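Worksheet: one structure, shown below.
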Amino acid sequence: MTSDNQMGLFDAPPPETPPRPEAVPEKKADAARETGQKPGLFLLDGMALVYRAFYALQQARMSTRDGQPTGAVFGFVSSVLRIIEEYRPEYLAVAFDSPEKTFRHDKFEAYKANRPAPPDDLISQLGDIRKLIRALGIPLVIMPGFEADDLIGTAARKFEADCQVFIVTPDKDMSQLVHDGVRILKPGKKQNEFELVGSAEVKAQFGAPPEQFIDLLTLTGDTSDNIPGAKGIGPKTASSLLEKYGSLEGIYANLEALTPKTRQSLEAFREMMPLVRELVTIRTDLDLPLTLEALHASRPDPEALFAHLARLELKSIAARVPAVLRIDAPAASSSENVPAAADSDDPDDPQLIPASEGSEYHLVDSEEAFEALLTLLESSAGIAVDTETTSLDTFAAELAGISFSVKPGEAWFVYFGTPGLDACKAVERLKPLLENPALPKTGQNLKYDMLVLKKYGVELAPVEFDTMLASYVLDPEARHNLDDLAARHLGRQTVKYGELVGTGKSAIGIFEVEPRKLSDYACQDADIALKLRLTLQEQLEQTPELFDVCRQLEFPLVSVLARMEHTGVAIDTAHLEQCALTVKRDLETLTGKIFDAAGESFNIDSPKQLGHILFEVLQLPPKKATKTGYSTDVQVLEELSILHPIASDLLEYRSLQKLKGTYIEALPKMINPLTGRVHTSFNQSVAATGRLSSSNPNLQNIPIRTELGKEIRRAFIPSNKDNLLLSADYSQIELRIAAELSGDPMLIEAFRNREDIHAATARVIFDTAEVTPDMRRKAKEVNFGVLYGIQPFGLSQRLGITQKEAREIIDTYMAKYPGMFSSLQTTIEEARKRGYVTTLMGRRRYLPDLNSPNANIRKAAERIAMNTPIQGTAADIIKYAMCSVSRELNTGAFRSVMLLQVHDELLFETPPAEEARLREMVGRNMVEAAAKCGVKKVPVEVETGVGKNWLEAH
DNA sequence: AATGTCACG
DNA sequence: ACGTACGTGACATTT
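Going left to right, the first sequence walks through residues 1 to 954 as UniProt numbering numbers them.
As structure tokens, then:
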């Protein structure tokens, strides 16, 4: 079959429309033709996709202005367009069930009897969906007496020899149709993404290949269709039975080999079995008058299509149509028919005003103008500052200029490209006012400016207001970059940095930008920062506790973090090189063992190749699926390690390879050649809980658990060989906070008595005086579970016990610690009502998902609601401590420096002579910080240690 | 750019 | 019936 006489609309522009010169043919379609691949046949499971679209977009509450819901239409059509765009199918059809009773109802009265009628809001959209399918020129396949599944099954089998068949459906039952030439495209988690399901994925996900899927479904039944299976036999049992005996017949031939329970259930099911099997079998043998040609899309009807889309106010769909279908919108297009305000499928996009409009920006490019500006700035009550530099990396960055604003709507840019006004000269004059303690500074992400200025010997101070951090405190999960803040809070469209210098290879240096343009950009940023401050401060004043979080924690922390980043930490490269040699040898040995076990060599680092080796070559049983194939993660490998020695070698290989790539090889590369140290970035506006994060490199995840991990910690050393590292960490801080928040008397008492908290928990939940190490281990997991929003499944996985046992442990825990139980419940309920959770300091995190109709989303939000007050309060406490420690390092004339923060730990470098004094000071401030942040009932303890490296300091 | 995996608290 | 403990960042592979 050639496509010459069959070119449908999706393959080429219609004859009367000349190809647009910019229309590049899709690579996939092209490649298919060149390689002589079979054409694609896409069979869409209409109703199932409509249902899915309906529920996926329920929250979006899309409708036309007069209230007709359109979510399902939007979602469905959007998916169809996506498929056309991505695959350019030769053949494409949508199958729907027919309304009549089917042969399944005749055979089995209860068939689908439990299925509720579709919601009205969905039914009302079906007509439009059909109209749109027709207008798109896509064949609709409906046959009386048959369900869409059977139509699809039959078509798939009939045409698989001639086509590559793709069944588009979210329904797992269709897995039985997967075959050599038949795969499933399953709507993914994200809108408009599809997951390709072939034989391997079916096997990985359900534990049985497509050929056994009917038997699997027969045994388990299909509750959604009200079809019973064998009682007490679930997917796990069913797949293991099939794995062993191959088929239902095989299983029934070996009944005596099974456990009594299973045997009994199967015997009871014996009579029903053939009927159930028939019901769950999708028919592939119907005698249908279907020809491939009938599944060929015809030309869309642009007029009808755009008219429908306009009527439904689906403007963004209408906008996608011309490019996807390669047709032109009618002259009087939908945008004219529908006022912009009515975009129901387009989030409202208010017109933004250019940031500079109504503002006055001055370029300072003469010494006279510069002197005049200095006078003005010195007499101000406060200034907004923004530096322009040659690089985003503060250590490489050179100043190109600094902009200032003292009142909204006016800004100045001191350009360091001005003759006679180079960076050094200008900075020397600016230094007094940049450091003037009586001249408070406002800005966006001032830590950056502070770090750049440090290179020029300037200590920017004091930080009075940082707009990025204010936004973070007001809503940690919002976006905090200047451009977004300007749009959101000021309705202003900013000029982006990329627009100034261009992107990619064509980007130019900042000194090559025309000074006037650079000035406008720089002035805009200072101006916007000042304007943002006004509105953000107003919002903070509405919520005094949030303003306090800013003023007591976040703003003072900026200079503390800048100093830590600037200081950096020294690395013992010789030690790492030593590690590298050992690891290389060990990895070579392991690689050899793994290849021997596999019988061939392959790329162990490729999960795809590894999956092939484990589950196809070695025939090990798959445990979990990922969206692209077999899962090979730690859990899976641990389970496999009892079956095959390759698994434990792989675990060790993975662990070594990880440490080698992420730390042993990467850290030396991150050493700054100028300072000889590694300078991380502490990000203050990323973590939704209030924690810091660390990047480039991340020094908050340096290994410690394994032997090699410990060796890597050993490589963190003082920058001066006479000095020591001092580590101070909070002991069990999160559990103490949980105890404080819960007010639970038993927990509080245990901490007051300085008990081993996990042992204490073990005594209580196992109701015994004799706590074995295993009981303590379990109790420890339970305690962690409490911090994370405990669930039976999670606990059962960690402890390797059944969900039932896990549930019992949790129930006992909650019964014994009623304060904890009720506080967790109250936290969730309160948060559901108010929309957010808080830390003891009043930091907030908004959780709209607590009211989600989707139970999984809702439960996830509930776990966050339980965890965030705990994790967030711990973050508040250590931030408070960092500020007071830093203050005392200055006032107490210490020569020690703070290097790192790792959530519950602070790392310092200290001269030995100062060690004792530092230890006392740090411990005192850390303990006091907890009380200042509201931990009053529970004692807080800090452990300190010193050593020649980070490992010894613990 | 996305995905799978894994390092830390 | 489904998916499953909280919060991060980096690497290698694959698309």
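Backbone N, C-alpha and C define an ideal beta-carbon position, used for all residues, glycine too.
A quick note: this is a predicted structure, and the numbers were derived from the prediction, not measured.
Within this structure, are the beta carbons of LYS441 and VAL385 separated by less than 8 Å? For LYS441 and VAL385, yes; Cβs fall inside 8 Å.
Please list the terminal residues of the continuous beta strand (DSSP E) segment that includes GLN901. For GLN901, the uninterrupted beta strand (DSSP E) run begins and ends at 897–901, by DSSP.
Using a threshold of 8 Å, state whether the C-beta atoms of LEU43 and ALA95 are closer than that. It is a contact, given that the beta carbons lie within the stated cut-off.
Buried or exposed: where does LEU534 fall if 16 or more other Cβ atoms within 10 Å of its Cβ makes it buried? LEU534 counts as exposed, since fewer than 16 other beta carbons sit within 10 angstroms of its beta carbon.
Three-state secondary structure (DSSP) of GLY947: Strand at GLY947.
Between the region 137–155 and the region 582–591, do three or more beta carbon pairs fall short of 8 Å? Remark: fewer than three beta-carbon pairs, one from each stretch, lie closer than 8 Å, so the region 137–155 and the region 582–591 are not flagged as touching.
What's the gap between the Cα of LYS948 and the Cα of ALA715? One alpha carbon belongs to LYS948, the other to ALA715, and they sit about 10 Å apart.
Can you round the beta-carbon distance between ARG832 and ASN851 to whole angstroms, since I take them to be within the 8 Å contact cut? Between ARG832 and ASN851 the beta-carbon gap is near 6 Å, inside 8 Å, which marks them as a contact.
Delimiting residues of the beta strand (DSSP E) encompassing PRO432: From DSSP, PRO432 is part of no beta strand (DSSP E) but of the alpha helix (DSSP H) over 423–435.
Starting from ARG844, trace the alpha helix (DSSP H) both ways and give me its first and last residue. Taken as a continuous stretch (DSSP letters only), ARG844 belongs to no alpha helix (DSSP H), being part of the beta strand (DSSP E) at 844–846.
Taking the C-alpha atoms as reference points, what is the distance between LYS937 and ARG763? One alpha carbon belongs to LYS937, the other to ARG763, and they sit about 22 Å apart.
Residue 982 versus LEU795: straight-line alpha-carbon distance, rounded: Residue 982 falls outside the range modelled here, since the chain spans only 1 to 954, and no answer is possible.
Less than 6 Å between C-beta atoms, sequence neighbours within five positions excluded: which residues of the same chain meet that for GLY945? Around GLY945: SER727, ALA953, HIS954.
Among residues of its own chain, excluding the 5 on either side of THR899, which ones have a beta-carbon nearer than 7 Å to its beta-carbon? In the sequence as displayed, the identity of residue 899 is Leu instead of Thr. These residues qualify, in order along the chain: MET564, THR567, VAL569, LEU907, PHE908, GLU909.
Secondary structure of ASP525, DSSP reduced to three states: Of the three classes helix, strand and coil, the one that applies to ASP525 here is helix, per DSSP.
Three-state secondary structure (DSSP) at LYS441? Note: LYS441 maps to strand in three-state DSSP.
Using a 10 Å radius around the Cβ and a threshold of 16 neighbouring Cβ atoms, would you call ASP876 buried or exposed? Buried is the call here.
DSSP puts THR910 in a beta bridge; with which residues? Its beta-bridge partners are LEU724.
Contact set for ALA332: own chain, Cβ-Cβ below 7 Å, skip 5 residues either direction: With a pLDDT of only 49 at ALA332, under the threshold of 50, the placement of this residue in the model should not be trusted, and no figure is reported.
Quick check: what's the CA-CA separation for ARG326 versus PHE74? Distance from the CA atom of ARG326 to the CA atom of PHE74, rounded to whole angstroms, is 20 Å.
Please list, in chain order, all residues of the same chain as ASP475 whose beta carbon is under 8 Å from its beta carbon, the five residues on each side excluded. Residues ARG844, TYR846 of the same chain have their beta carbon placed closer than 8 Å to that of ASP475, with the five preceding and five following residues left out of the count.
Spatial neighbours of GLY232 within its chain, please: CB distance less than 8 Å, with the 5 preceding and 5 following residues excluded, ordered by chain position. Contacts found: LYS261, THR262, SER265.
Buried or exposed, going by whether 16 or more other CB atoms sit within 10 Å of the CB of CYS424? Looking at its Cβ environment, which holds fewer than 16 other Cβ atoms inside 10 Å, CYS424 is exposed.
On the DSSP bridge list, what partners appear for PRO187? Answer by DSSP bridge pairing, in chain order: PHE194.
Does the pairing of the region 682–696 with the region 623–633 give three or more beta-carbon distances under 8 Å? Taking a cut-off of 8 Å on C-beta distances, the region 682–696 does not touch the region 623–633, as fewer than three cross pairs fall below it.
Cβ-Cβ separation, TYR497 to LEU295 (assumed contact under 8 Å), whole Å: About 51 Å separates the two Cβ atoms, so there is no contact after all.
Report the CB separation of LEU49 from PRO144 in whole angstroms; it is logged as a contact under 8 Å. In this structure, LEU49 and PRO144 do not form a Cβ contact; the two beta carbons are roughly 21 Å apart against a cut-off of 8 Å.
Nearest CA to the CA of ASN445: which residue from PHE465, PRO432, ALA426? The residue among PHE465, PRO432, ALA426 with its C-alpha nearest the C-alpha of ASN445 is PHE465.
First and last residue of the alpha helix (DSSP H) that includes VAL560? 555–567 is the extent of the alpha helix (DSSP H) around VAL560.
Please look up how many angstroms separate the CB atoms of GLU367 and GLY420, rounded, as I've assumed it's under 8 Å. With 8 Å as the limit, GLU367 and GLY420 qualify as a contact, their Cβ atoms being about 6 Å apart.
Endpoints, the alpha helix (DSSP H) within which TYR415 is located: TYR415 -> not in any alpha helix (DSSP H); beta strand (DSSP E) instead, spanning 410–415.
Those residues which DSSP pairs with residue 1004 across a bridge: The question about residue 1004 has no answer here: the residues shown for the chain are numbered 1 through 954.
Nearest-angstrom Cα distance between GLY401 and ALA507? Spanning the alpha carbons of GLY401 and ALA507 requires a straight line of approximately 19 Å.
Quick check on DSSP: helix, strand or coil for ILE282? Three-state DSSP puts ILE282 in coil, outside helix and strand.
Which of the three DSSP states is assigned to TYR730 in this structure? In this structure, TYR730 counts as strand in the three-state DSSP scheme.
Measure the alpha-carbon distance for GLU941 versus SER731 and round it to whole angstroms. Annotation: GLU941 to SER731 spans about 6 Å, alpha carbon to alpha carbon.
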